[in-house]
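Q: The structure is given below, and queries will be raised subsequently.
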Amino acid sequence: MFDRDVFKAVMGELGDTREEEKLGCDECFEEVDRFVAAQLAGLSAAQAMPLVWEHLYICGECRDEFGALLDALRAAGGTSVSETLEKLRRDVTPPYER
Ligand SMILES: [Zn+2]
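Just add 1153 to the spot in the sequence shown (first one is 1) and you have this note's numbering.
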């Protein structure tokens, strides 16, 4: 999913010139649920939120978080995204908040 070539292709297609606008982990954490929701809704999350995508590509911690969210939401099936996210956030405290 985070294949380097795919990433480059997506970024290239977008012609994104805002490369200096890097996302931090905190900002990524704020956005990642929307990113996951878009992904699950069948939208192109990578194109809709390239900065989040980019951060997930470069940051292993947030990528783990993203993977966990995605797995949990897929497993949850019919449960609403926000509900599942609430539960996850209670269960899982990110390392930088410990
Ligand atoms: Zn991060």
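Every residue gets a Cβ at the ideal spot worked out from N, C-alpha and C, and that includes glycine.
Taking the CB atoms as reference points, tell me whether L1193 and L1222 lie closer together than 7 Å.
A: Contact flag unset, no.
Q: For E1239, which of G1213, D1186, D1224, S1197 has the nearest alpha-carbon?
A: Cα-wise, what sits closest to E1239 is D1186.
Q: Of the residues A1199, D1158, V1189, H1208, which one's Cα is nearest the Cα of E1174?
A: Of the listed residues, the one whose Cα sits closest to E1174 is H1208.
Q: Within the same chain, show all residues whose beta-carbon is closer than 7 Å to that of L1204, passing over the 5 residues directly before and after it, in chain order.
A: Cβ neighbours of L1204 beyond the five flanking positions: E1174, L1176.
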